[in-house]
Each structure stands twice: as C-alpha cells, then as structure tokens.
Amino acid sequence: MADFGYTVWILIVPFVAFIVLGLFGMKLKARISGLTGTTALAIVTALSYATAIRYFWGAGLVDGVFQKIIATNSTWLTLTDHLHIDMGILLDPISVMMLVVISTVSFMVHIYSLGYMKGEKGFERYYAFLSLFTFSMMGLVVATNIFQMYIFWELVGISSYLLIGFYYSRPSAVAASKKAFIVTRFADMGFLVGILILSFTTKTFDFVTLTDLNGPAITSTGGAVFMGMSVMTWSMILIFVGGAGKSAMFPLHIWLPDAMEGPTPVSALIHAATMVVAGVYLVARMFPVYYFAAPEALHIIAWVGAFSSLFAAVIATTQTDIKRVLAYSTISQIGYMIFSLGVSGYGGHDGLGFMASNWHLFNHAMFKALLFLGAGSVIHAVHSNYMTEMGGLRKHLPITNITFLIACLTIAGLPPLSGFFSKDEILTAAFHHDKVLFAIEYLVAGLTAFYMFRLYFSIFHGHDRQYEHKPHESPATMTIPLMILAFGSVFSGFLPFSSLVTSDGAPFESHIEWSVAVPSILIALAGITVAWVMYKKETTLPDRLAATFKHSYKWAYNKFYIDELYLFITKKVIFKRVSQPVAWFDRHIVDGTMNGIAWVTQTVSNRIKGLQSGQLQQYGFIFVSGAVALVLVFIYLVK
Amino acid sequence: MNQGVPLEFYIIVATIMFFTGIYGFLTRRNLITILMSSELILNSVNINFLAFNRYLFPAKLDGHFFSLFVIAVAASEAAVAIAIIISIYRRFSNINVENVNELKY
Amino acid sequence: MEGNQIMFAVFAIVIIVFSVLTVTSRKILRAAVSLLFVLIATAGLYFLLNYQFLAAVQLTLYAGGIVVLIIFSILLTSQISHKFEPIEWKKALFTALAVIGGAIVVITTILKHTFAADTAAALEVNMNVIGKSLLGTGTDGYVLPFEVISVLLVAAMIGAIVIAKKGSPVRDEEKNK
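Residue numbers (the working numbering), protein chains in the order written: chain A, 585 to 1223; chain B, 13 to 117; chain C, 6 to 182.
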C-alpha cells in the first residue's frame, strides 16, 4: 500500500492559514493576507493534484478495482467498545475527485477575490473564513467515518454562516445567514438521528465497514420494522434529510437564494461548487448501503431530486436578479445529481447513474463557479444585480462575455462541451430506469437552456443602457480564473470518468447512447432558440407572455410562496402555539417558583428582623416568657 | 420567733415582689424606673435567701452572707447605672429606654 | 394571732402594695418614695427573721443610700415634674400575662413542695459570729468573697466616675460628632 501520509497536510495548511489570518490578519496589510490565503490554497491544490495523479494513475488501482486507502486514522473518542469516533483520511475515487474539485475552485476563488474584494473592509477576515471553509470541506470529503463527516458538516455550516453574513451591517445579509444556518441545522437534526439509528443497528461509524458488501449494514436483515419500512431505510432517509438540507432540495431549498447576500466569490465557492454538493457526496459515499439495504430510500431520493430540479427551473425562468437565477439553476442541477444517484444501480454499467452523478458534480463545479464569477465580474462593472438594468455589455466586457457564453453552452448541454456528456449519461440512466422521471428531467433540460440563455442575452445583448460610468473589463486577477475555469469546462468532458469513478470501484466503458443524446441536443437548441427570439433583441414579447399567463407567472415569480408558507408556519403556528406558551410557563411558573422562594425568604426575614429591635424591654419580655416556658416544660413535660 | 409564720408565706411575698419588679422592668419607659424595678427584684431575692436560711438551715450562715454580698453588689450596680443614665441623658436629653437601641438589625 | 403574725401581715401588705405602686405610678417621685417604703418594710421582715445586722445594713445602704442616689439622679435628669404617659395596653397586657403566669407557676410549685427543716440547733447570729465568719478562712469562712466584693466596689467606683465624667476632650469630641 503506497504511502499517502502527506495528505494530512491538505487539511493542516488551510487550518493554519485560518488561524494565522484570524489572529494576525488585522496587523498585516490587506494584500499580504490575501496572498497568504492564496498561497496556502496553491499548496493545497498542488497536493491534491499530486494525490489524484498518484491515486488514479498509480497506486490506487489494485486488481482492476480502485481501493479505499486509509491514509491516516486515529481514535479520537471511544463511546463503547464497538463505537468510537476516529479522525482520519480516507482516499477513494470520489474523495480524491472531490479533493481536486474543491481545491481547484477554491484556488480560483482566492485569486479572483484578490481583485473582486480589493478595498473591502474586512478583507483579512474574508480570507480567514475562506481558509476555514476549505479546511472544513476537505475534512468532510476525506472523512473515514460518518461522525467525522458530521463534525466537518457542521463546520462547513459555520463557515457558510460566517461568509453569507460577511456584510454584517446589512440586515438582509444577517437575516440570510441566520436562515441558512437554521434551515441546515434543522436538517442536520435528521442527519444526526439517522447516524444514531444507523450506528446503533450496525455498531459502527466507519465508512469502510458500513459500505462493505459483507458488512453489518448491508447484510443485516430482520431488523425492526416501523410503519412499513425497515429501520435501515428510516435511518438512510433521515441521513438523506441532512443531505437535502445542505444541498437545498425541496422543501429545504429556501436558504440558497437568500444566501446570495454574501459576496459573489463566496457564492461561487460555497453555494455552487462545493458545499451544496455535500448532500450528493453523502449519498454517493453511502451508496452501497442505500442500494442494498434501503432501496425505498433511493426511490424517494430520485423523486425529490427530480421534483426539485423542475421546481427550481420553473422559478428561474422568471427571476430578474442574476444571482438568484444562478442560485435556482444550482438547485436544479443538484437536483439532477441527486436524481441520478436515485436511479442508479450498482456494479459496472448498472452503476451508470452513480458515475454520471459524480461526473456532473465535477463539471458543474467548473461551469457554475465560472458562471458565478462571471456574474461577479458583471456586477463589479455595473454595480447592480438586476438584469433589467443591464444590456449590451458584450462590447464592454469581452472576456467575461466569451467565458459566460461558454458556461451557458455547457450548462445547456451542447456537445462537445463537458455538460453534454454528463447530462447525457444522466438522462440515459433515467431512461432505462423510469420513463416518467426521464420525461421530467428531459423537460428540465430544455428549461435550463431557456433560462440560461435568457440570462445571457439580457446581460450581454440587447441595446446599451445608460450606465453611470462606463463599465470596464475586470482586472487580470478576475479574468484569469474565468479563463482557467472556461478551459476546464470545455475539456473536462473528455476525461475518461467511467474508468475512474464508479459505484464499485471497477472501471467500465461508457459510451454515448445516441437515442437519448440527440433528443437532448434538440431540446437544448429549442430552448436557446426561444430565448433568442424573446431576448436577443429587446421586444415586448416577454411582457406579453407574462401577461397572458398572468397567474402562473405571478406564482413562479414569487417562488411559489414557499417562503411565505414557512414564515406562516413558524410565526403563526410554532411561535404562537408552541413557543409562547412555553415561554409563559418558563417565565411565570419556573421563574415564578424561584422568585417565590426568594420572596418567601425575604418576607420571613423582614418579619423576623423585628426580634432584634434593640429594644431592651422586648428582649427582657422574651427572656422572661422563655424562662417561664422552660420551667413549665422541665417540671411537667420532661419526667 | 418563727412560729406561726410558715416558710411559704415569706416565699410568696418574695415571689409577688419579684414578679412585680419584672413587670415594672418590662413595662416602664423611664430608665430610672427600670432601675427601681431591678432593685425590687434584688430585694425579693434577698428575702428568699434569708427565709430559707432561717427556716431550713438555722445552723449555717450561707444565706445571710449571700444577701450581704447581694446588697453590696446591688449598691455598686446602682451607682454605675446612674452614671450610665447621666451619660445617656447627656446624649439624648431624655431618658427613654427606646432611645437606646443601636444594637439591632 | 400572735404578735409576729400581725407584724408579718403588716409588712407583707406594705411590701405588696407599695411595690405595685412603684411600678405603676405616673409620677416618678412617687415611685421613688414607694420604693423607699418597700425597702423599709423589707428591713422589717429581716428583723422578724432575727437578722438584725442585715436589717441595719439594708436600712443604711438601700433606704439611705440607693434611694437617695435615685432621687439625685431624678433631679439631675430634670424628670421631677414629668408625668408619664400611660403605657400602651398591648405591652401592659402581654407583660401582665407573662408575669402572672410566671407567678402562678412558681407559687404552685412552692406550695406543692414540702420543705424539710434541718434539725440542728439554731445559731445565734450576733456581731461576733458574723465578724468571725466574714473574715474567716476555713469551711465557713467568707474572706474570699469579701475581698472580691472589695475589688468590685473599687471597680464600680472607678467605672462610675469614668462614665459620668464630663469635659474630657475625647468625650466631648465624640459628643459633638
């Protein structure tokens, strides 16, 4: 077994960067702290790539199967003699892939932020939090056991909270960060219960043991049945709830659009490429357990993914804030990934869905980060988020224009760009599994093309508006990451992914099934055409369409009122019916008892203090009475 | 000389005087009247001692001398008490016992 | 009725009546004079009990010394014409109850008890015997309490002088604070 011990530095370097920037950042010049963070990430990226190359084209492949290599593992907390929480690093195809993804995107974001966040107050704090996030996410993906993953899961949630609320003087940002944290925390409650049930049933936290085909998780049968589903199914559903919260699946998606209050590079890193795919990663990590021990859970997962992608795509067609459009697009694409896992089989070609999901994750990280960074470039030039205030920017921002166009073509799924390959494999896997789900996702592919090009044409085409000051192209620190990511989006489709990342570790040959690919290309082209007609030149066609479908337009524009529903439930139901009585009880009965005890003590003491009045004759009176009483007692009562 | 008057009569007289003195001690407001009440108490005790001595222990003199010393102590106590009363009078310009109440809560 | 019974009755009535007057009189000088009569009647009781020396001491010290001292202090604190307010009835009531209760307890206990007299011969108490006992060492000697009382008297004298002294700078300072 080759030695991968150096991978521990992938975790240590960002953590040290966080500590240094956090403690000393204010004393350093802004530029130095930025460079410190970026250098740390450069080291991490180099290490990740080295690990990936060594693993995939070297030590990882043994007997034709990619091994799960434990680079390091140490027992941290022993709960019982079976259960112990370890901290360690597990290398297997998906974790190494994620190392590459996270480090690449994070590195690009670090470089980009040197330009984007220049001059902002709190620059050092920003880089400190970015390092913290990178450390947390790395720890999450290399976790050897599910509890370690949970710990880093929460750390990632904290980093997200800190970064969304970066502009803490804005009440909307503060509210958004709270919302993100509370929604994901609520989902994590399900996650924790799932972990506990799972570990109680299987007596282990360790991933290698859990996903072992002959291990306790998969071979345990005859467990208790609760409401028609086995204990394992319930625990896996609950674990998925945690993943759904982090990945913004319906109905826990409400936090992601609001999370756009954070700086745009943060949105690119956390809410497009890395953190939100944590849910997908979790299901992929536990995939053997899902497939063999909890197939009903997989069914539910597929439907949740499909519904979320459709739901988000419909909303995205009406939004006018460019970051919101991209946020809903993210929800939709992650829906694709989750759905793909749900329809996947296990082993060889049956595991196509699994492979496609991870491939789409890889590609999506590249092009979605590119889209967000491009949007950031536009926002930086125009100082506005709304596409109604933009137009004709292709003349002013050439590099941003080209890279954004490449990203839009990728997400629409046109060959030979990467999005085509991964999306095609997903649709193929769906086609062979369930035709209804396939139809839904096919429709979503068309919608995706439509709203993305709606976005593109509204920003870069149409006629030039009156801008406050002439928009200029972004500096090199911002355009170079755009170009690198565009390069990645174009060429990552040619990676032989199916020989690297598969459901059981054994490579297989994948090919394009043209009976599915051609219709998907056609519907993408149809979406682009509709968007071209409606948005390339400024027409009143969109407004007339909106007026015709006034009711549905209103519903889609207002995000189907899900936020209002949540607000209603929390305020009218939970606050009024549950929290307020509990608060009343606490204030009046619990506190009242304590106050009552104190009041009694005080009153008694007030009454008693009169005994020490200083009045001689009162003392004398008590003296005499007491003496007489004692005499009586001793003569008559005590014999 | 003691025939005809039983011991109990002396003791009852002393008891009544004693409790009268206590009543005065606890009820009167003026410090001097309190002093006078305490003199009553001391005298009642003296009568008691002497009655017991004469009736129960005629061959001894313990009660007799006890009473003698009680008288001496009472006298010195009265002297010191008067001195204190004078002091208090100088402080408060009256000699109510309620003024002397610093030793309290 | 024998003579000593009559004398006893007279003295007892004087004692009881005038002690009640002492504690209830509203004019302070009357209280002092009632106290004087009580003390004189007590001396009479001592005579009845055949303790002449002690009766003389009682008359000299108590009636002639302490009551005079009390009247001096009344004059010094200008209370002589002061008429006391009646006592609030609650205080009087409770005290009276306690006192009467106590008295009843004591008297019933005494009446129930039979006192056994010592059958030794009565000792003639005259000055000779008193003197020998007062300064005698040995079983019946009271020289130790005698000396202690002397010290006590000195201490009381010094104490009274110190407390009642006027015009020392410390005292005046404290008074003027």
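We put the CB at the ideal spot given by N, CA and C, even for glycine.
Residue i versus residue j: straight-line alpha-carbon distance, rounded
{"i": "VAL604 (chain A)", "j": "VAL962 (chain A)", "result": "32 Å"}
{"i": "ILE107 (chain B)", "j": "ILE100 (chain B)", "result": "7 Å"}
{"i": "ALA90 (chain B)", "j": "THR27 (chain C)", "result": "17 Å"}
{"i": "PRO150 (chain C)", "j": "ALA95 (chain B)", "result": "25 Å"}
{"i": "ASN1190 (chain A)", "j": "VAL1162 (chain A)", "result": "40 Å"}
{"i": "PHE1081 (chain A)", "j": "ILE1153 (chain A)", "result": "45 Å"}
{"i": "ALA48 (chain C)", "j": "ALA108 (chain C)", "result": "23 Å"}
{"i": "MET585 (chain A)", "j": "GLN651 (chain A)", "result": "With a pLDDT of only 47 at MET585 (chain A), under the threshold of 50, the placement of this residue in the model should not be trusted; the figure read from the coordinates follows. So the two alpha carbons sit approximately 10 Å from each other."}
{"i": "ILE616 (chain A)", "j": "GLY609 (chain A)", "result": "9 Å"}
{"i": "ALA881 (chain A)", "j": "ARG869 (chain A)", "result": "15 Å"}
{"i": "ILE823 (chain A)", "j": "GLY703 (chain A)", "result": "42 Å"}
{"i": "LEU698 (chain A)", "j": "THR1061 (chain A)", "result": "6 Å"}
{"i": "ALA852 (chain A)", "j": "ALA843 (chain A)", "result": "11 Å"}
{"i": "THR1124 (chain A)", "j": "ILE695 (chain A)", "result": "41 Å"}
{"i": "SER928 (chain A)", "j": "HIS883 (chain A)", "result": "10 Å"}
{"i": "ASP1088 (chain A)", "j": "GLY932 (chain A)", "result": "7 Å"}
{"i": "ILE135 (chain C)", "j": "ASN55 (chain C)", "result": "13 Å"}
{"i": "GLY1003 (chain A)", "j": "GLY1077 (chain A)", "result": "7 Å"}
{"i": "GLY606 (chain A)", "j": "GLY618 (chain A)", "result": "12 Å"}
{"i": "ALA93 (chain B)", "j": "LEU47 (chain B)", "result": "8 Å"}
{"i": "GLU708 (chain A)", "j": "LYS611 (chain A)", "result": "9 Å"}
{"i": "ASN947 (chain A)", "j": "GLU1009 (chain A)", "result": "13 Å"}
{"i": "TRP943 (chain A)", "j": "VAL864 (chain A)", "result": "12 Å"}
{"i": "GLY799 (chain A)", "j": "TYR1141 (chain A)", "result": "49 Å"}
Integer Cβ distance of residue i from residue j, believed to fall under 8 Å
{"i": "LEU1039 (chain A)", "j": "LEU894 (chain A)", "result": "Between LEU894 (chain A) and LEU1039 (chain A) the Cβ distance is about 19 Å, and since that is not below 8 Å, they are no contact."}
{"i": "PHE640 (chain A)", "j": "VAL680 (chain A)", "result": "7 Å"}
{"i": "ILE28 (chain B)", "j": "ILE21 (chain C)", "result": "6 Å"}
{"i": "LYS72 (chain B)", "j": "SER1197 (chain A)", "result": "So it is not a contact: roughly 45 Å between Cβ atoms."}
{"i": "PRO556 (chain A)", "j": "GLY960 (chain A)", "result": "Outside the shown range of chain A (585 to 1223) lies residue 556 (chain A), about which nothing can therefore be said."}
Extent of the continuous beta strand (DSSP E) to which residue i belongs
{"i": "ILE1064 (chain A)", "result": "Unbroken run through ILE1064 (chain A) is the alpha helix (DSSP H), 1060-1075; no beta strand (DSSP E)."}
Residues that residue i bridges to, as DSSP identifies them
{"i": "ASN42 (chain B)", "result": "B:ASN108"}
{"i": "ASP1018 (chain A)", "result": "None, per the DSSP bridge assignment."}
{"i": "THR656 (chain A)", "result": "A:ILE673"}
{"i": "THR662 (chain A)", "result": "A:HIS668"}
{"i": "ASN729 (chain A)", "result": "A:ASP790"}
{"i": "ASP905 (chain A)", "result": "A:TYR970"}
{"i": "MET813 (chain A)", "result": "A:PHE810"}
{"i": "VAL646 (chain A)", "result": "A:VAL649"}
{"i": "LYS32 (chain C)", "result": "C:LYS88"}
Limits of the unbroken alpha helix (DSSP H) element including residue i
{"i": "ASP670 (chain A)", "result": "Here ASP670 (chain A) belongs to no alpha helix (DSSP H); instead the beta strand (DSSP E) covers 668-675."}
{"i": "ILE20 (chain C)", "result": "8-29"}
{"i": "TYR1147 (chain A)", "result": "Rather than Tyr, the amino acid found at residue 1147 (chain A) in this sequence is Asp. It spans 1146-1152 - the alpha helix (DSSP H) in which ASP1147 (chain A) sits, taken as one unbroken run."}
{"i": "GLU129 (chain C)", "result": "Run containing GLU129 (chain C): none; DSSP gives neither H nor E here."}
{"i": "SER632 (chain A)", "result": "614-638"}
{"i": "LYS1134 (chain A)", "result": "1134-1141"}
{"i": "GLY863 (chain A)", "result": "862-869"}
{"i": "PHE988 (chain A)", "result": "982-996"}
{"i": "GLY889 (chain A)", "result": "879-900"}
{"i": "GLY1180 (chain A)", "result": "1175-1192"}
{"i": "TRP839 (chain A)", "result": "839-842"}
{"i": "PRO598 (chain A)", "result": "592-608"}
{"i": "GLN1201 (chain A)", "result": "1200-1216"}
{"i": "THR803 (chain A)", "result": "800-803"}
{"i": "VAL17 (chain B)", "result": "Taken as a continuous stretch (DSSP letters only), VAL17 (chain B) belongs to no alpha helix (DSSP H), as it is neither H nor E."}
{"i": "ILE1107 (chain A)", "result": "1098-1115"}
Q: Taking a Cβ distance cut-off of 7 Å, strictly less, list which residues of the region 111-126 of chain C are near chain A, in chain order.
A: THR114
Q) Listed from N- to C-terminal order along the chain, which residues in the region 1164-1183 of chain A have their beta-carbon within a distance smaller than 7 Å of any beta-carbon of chain B? A) none
(Q) At a CB distance below 7 Å, what residues from the region 1197-1209 of chain A approach chain C? Give them in sequence order. (A) PHE1205, VAL1208, SER1209
**Q.** Selection of the region 62-80 of chain C by Cβ proximity to chain B, strictly under 8 Å
**A.** VAL62, GLN63, LEU66, TYR67, GLY70, ILE71, LEU74, ILE75, PHE77, SER78, ILE79
Q. Taking Cβ-Cβ distances below 7 Å as the criterion, which residues of the region 93-107 of chain C are in contact with chain B?
A. LYS96, ALA97, THR100, ALA101, VAL104, GLY107
Q | Residues, ordered as in the chain, of the region 34-59 of chain C that lie near chain B by beta-carbon distance below 9 Å | A | ALA36, ALA37, SER39, LEU40, VAL43, LEU44, THR47, LEU50, TYR51, LEU53, LEU54, ASN55, TYR56, PHE58, LEU59
Q: Scan the region 91-104 of chain B for residues whose Cβ lies nearer than 8 Å to a Cβ of chain C and list them as they occur along the chain.
A: ALA91, VAL92, ILE94, ALA95, ILE96, ILE97, ILE98, SER99, TYR101, ARG102, ARG103
Q: For the region 143-160 of chain C, enumerate the residues whose C-beta is nearer than 7 Å to any C-beta of chain B, in chain order.
A: ASP145, TYR147, PRO150, ILE154, LEU157, LEU158
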